[in-house]
Amino acid sequence: MIDKAKSIFNKIVDKVKFFLNKDNFTKTKLVLVAFLALAAAVVAEYTIMRIYHPQFISKNRIMVVAMFFMFIGIHFVFKLKEMYEWIHNNRYKIACAFLLFTTIFRYSGSSMTCYHEFKGIQPQSDDSRYHTLLGKVRTIRTDEWSTSTPYIMSQGEGQNEFNYFSNKLRSTETDMFTISNGPVNDILMLGRPFQLGFLLLGNDYGWSFYWNIRLVAMILGAYELCLILTKQNKKMSLLGMIMITYSAAVQWWYCMDTLIWGQIAVVLIDKFMNVDKNWKKYLCAFGILVAGLSYVFVFYPAWQVPFGYVFLTLIIWMLIKNIKFENYRFTKHDIAVIVITLVCLACLLVRWYMLSGDTLNVMMGSDYPGDRAEIGGGALNNYSYFYNIYFPFEDYLNPCEFSGMLSLYPVPLILGLIYVIRNKKDLYFWIPTLVVGGFLSIWCVYGFPEILATLTKMSMSTAGRATIPLGVVSIYALIYLMASIKKEDKLIENKKASYVLAFAFICLIAYQAYTTIGYKDIFRYLDKFKMLVSAEIFGAIIFGVLNMKDEKIKNYTMYGLIAVAFISGVTVNPIIRTTDVIYTKPVAKKIQEIRDEDPNAIWVVDDEEDWHINNYALANGVRVLNSTNIYPNFELFEEILGDKAAENKEKFNRYAHVNFKIVKDETKLELLYADNIAIYMNAEELDDHDIKYVLSRKSLYEERDLNDYLEEIYNEDGMFIYKVKTQ
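So for the sequence shown, our numbering puts the first residue at 528; every next one is plus one.
Written out as structure tokens, the structure is:
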């Protein structure tokens, strides 16, 4: 009886093993995994999600979570090597499918639901699409949800859709392309291809396309560049791509276009030199034209200049690699293609300057940010990867400014120097890499003399901004070294010495991190527990990096870095659906109704404490006088201040958010912060400035007794619209 039972049991075990074997019953297991993923997502929706998202049951959230579980599940169905090889071979098809899916369902990672969840615009008009699906809004990301988003949205609403110059922003002719980053109907959109969705699909679908294509471009650009750096080592390239894309800095600033286009340009230059067919060279040349134009149109020198040094270094290495070691020769045909590409680039830049030259002059002549002459030094975020793992889960004063790349700085650069000294190999890569790494390190830590800062153009950047390209250099160096090192190479030979070095490095990094964010009251963030956890995590990773010649240790180190990258970056941005929070609120519909009836009317938003609502009205396509001044509105302030304009110029000659309050006293202007000014306008002067409508979150009848000047035409759920009475 016992023998029979054992026999039955063994048969069952054999059948289970046969079923679980990754070569058998693939289709059946896929169906089973899909069912289990959906079931797990439903259970999560009614349990875990009820804690973090209690507002509503979401079918969209169930679908997204089920797809995540499905991806985890297929790891148990397919052989991992074959699965990831298939993903590698079909990466562009997968990217297109992802982009199509997110665009159709209108998903994005914007924090625009802050208008409902944080600013509480008409909270009674609640809707599932006014909340996040997953994650939480990042109120600190005001540059995204309350400035650039409304600028972009305003272009597709109301009259003058997608004009290069619009009178909506600042309620006067404003360059919508150069500073405001808006989509326009012009050939210069070759340098803003991510925004073509707005022109073709409208704001709702265009926004999802714009948001997600940047993530796709960052992932593919980083992966392709790492493939070149690692000589097609897919595992190390995957690591490099994840470390770059999901570093805290990239996610908190969200997929910096400077980094995206610089990487793409470098990849395409290498492709141009390595493809044989002319049509492929033409495609590469066109891509280089788009990437170069896009890099210029970012128009943010604080990143463009230091990143420029990084990518110039890579291009020099790439030219040497292809010409000296891979026997590339510039043919007459190639030279002709290069010349034509440069001529086209020059022509487009000339057109840009002809259209935006005045804008550039005004911007560069402003007191802020135009009057910038930095000398560097004192960077606070060189070692911020040490504590960035906590930012997505525990609030901090300004995680954007204190975020960095997962670079392990300065370990990769020091190891690179040791590798060069001891092995004297790969000098064409390491010498320029170490030079640019040292150059940026000196700028970030100590700074330059003023004349050197001016000559190198680093005066247009800051130490805090330059730490990001420095971190990227460190990641490139680390990936290159981990992929190219061989057992016979000399690095750190003694394992006991690696323990000592790892301890020394982690002590240095922990001290530097603590002295920038942990010790002052305003910055105090790192307690003993966080310090201990981070020290253990990064101590183990650095030990693994020091012993990268051991394949097993290197693999564990890779898994650790991937895990830290995901913790630092994956949950930074929420997942939301649609742009309804801007366009379907009752007050938004009323604004649109008035806009359609009176399209040229000038609006102001009366709110002395909060400027975010100003741009909410702008996004709905009306002319808002006190929307953010992306560059100074001299005409307005000269009208308001009259003879006092000259003596107050430093207050308004700047990029500024503009608070506005209607008063019965004398009109005046105050500079609140470097990027925030307040206008206190006498009620009798509203008509003088052609102001016709006032949006407010207060009853201006009860609050300030302005019945004689304003007629209330809308009052619902804490939002008021007034029409200015003609005096």
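Ideal Cβ placement from N, Cα and C applies to all residues, glycine included.
So, for residue i: in the same chain, excluding its five sequence neighbours on each side, which residues have a beta-carbon less than 7 Å away from its beta-carbon?
i, result
"Leu752", "Gln790, Val793 and Val794"
"Phe1179", "Pro1159, Phe1164, Leu1196 and Ile1204"
"Phe605", "Lys549"
"Met890", "Ile706, Gly897 and Tyr1158"
"Met576", "Arg588"
"Pro1101", "Gly636, Ser638, Thr659, Leu661, Gly662, Lys663 and Val664"
"Val1097", "Tyr773"
Across which residues does DSSP place residue i in a beta bridge pair?
i, result
"Lys1250", "Tyr1220 and Glu1238"
"Lys1195", "Tyr1207"
"Asp953", "Answer is none; Asp953 lacks a bridge partner."
"Ile1129", "Arg1150 and Ile1218"
"Phe692", "Asp702"
"Asn1156", "Ala1183"
"Asp1134", "Phe1187"
Starting from the C-beta of residue i, find all residues in its chain whose C-beta is less than 6 Å away, skip the five residues before and the five after it, and write them out in chain order.
i, result
"Leu754", "Ser764"
"Glu1165", "Ala1172"
"Glu700", "Phe692 and Asn694"
"Gly647", "none"
"Ile1036", "Tyr910 and Phe913"
"Asn1074", "Ser1025 and Ile1080"
"Gln651", "Asp1244"
"Arg656", "Arg1104, Thr1105 and Asp1107"
By the DSSP assignment, the beta strand (DSSP E) with residue i in it spans what residues?
i, result
"Lys1188", "His1184 to Val1190"
"Asp784", "Taken as a continuous stretch (DSSP letters only), Asp784 belongs to no beta strand (DSSP E), being part of the alpha helix (DSSP H) at Asp784 to Asn801."
Answer with yes or no whether the minimum CB distance from residue i to chain B is below 8 Å.
i, result
"Ile1240", "Chain labels in this structure do not include chain B; a single protein chain is all it has."
At which residues does the alpha helix (DSSP H) containing residue i begin and terminate?
i, result
"Trp672", "Element bounds for Trp672: n/a, residue is neither H nor E."
"Trp806", "Asn805 to Phe824"
"Tyr1261", "This structure gives no information on residue 1261, because the portion of the chain shown stretches from 528 to 1254."
"Val743", "Leu723 to Leu756"
"Lys556", "Thr553 to Tyr573"
"Gly991", "Ala990 to Ser1011"
"Leu607", "Leu607 to Asn616"
"Gln780", "The question names Gln, yet the displayed sequence has Trp at residue 780. Run containing Trp780: Ala775 to Trp780, per the alpha helix (DSSP H) assignment."
"Ala1173", "Segment: none, Ala1173 is in no alpha helix (DSSP H) and carries neither H nor E."
"Thr1084", "Glu1078 to Gly1096"
"Cys641", "Cys641 to Glu644"
"Asn888", "Lys859 to Met891"
"Gly718", "Where Gly718 is concerned, there is no enclosing alpha helix (DSSP H), given that its DSSP letter is neither H nor E."
"Phe595", "Lys586 to Ile601"
"Phe1164", "Phe1161 to Leu1168"
Mind checking residue i: buried by the 16 CB within 10 Å criterion, or exposed?
i, result
"Ser986", "buried"
"Ser534", "exposed"
"Thr840", "buried"
"Cys623", "exposed"
"Gly859", "Strictly speaking, residue 859 in this sequence is Lys, with Gly absent from that position. Exposed."
"Asp1054", "exposed"
"His1184", "buried"
"Val1149", "buried"
"Ala1040", "buried"
"Tyr515", "Lying before the first or after the last residue shown, residue 515 is absent from the chain, which here runs from 528 to 1254."
"Gln778", "buried"
"Val743", "buried"
"Trp1130", "buried"
"Val664", "buried"
Could you tell me the alpha carbon to alpha carbon distance between residue i and residue j, rounded to whole angstroms?
i, j, result
"Val558", "Gly600", "11 Å"
"Asn1186", "Glu1212", "17 Å"
"Val569", "Met597", "13 Å"
"Thr960", "Tyr912", "21 Å"
"Phe704", "Thr674", "14 Å"
"Asn1209", "Val1190", "5 Å"
"Ala1004", "Gly943", "7 Å"
"Leu717", "Leu820", "7 Å"
"Tyr1038", "Pro926", "19 Å"
"Thr1155", "Thr676", "12 Å"
"Leu1227", "Thr669", "27 Å"
"Tyr750", "Tyr1249", "54 Å"
"Gly903", "Leu997", "13 Å"
"Met594", "Ala564", "7 Å"
"Gln682", "Lys1017", "58 Å"
"Tyr946", "Phe834", "25 Å"
"Leu1168", "Phe1161", "10 Å"
"Trp970", "Ala993", "8 Å"
"Val972", "Glu1063", "26 Å"
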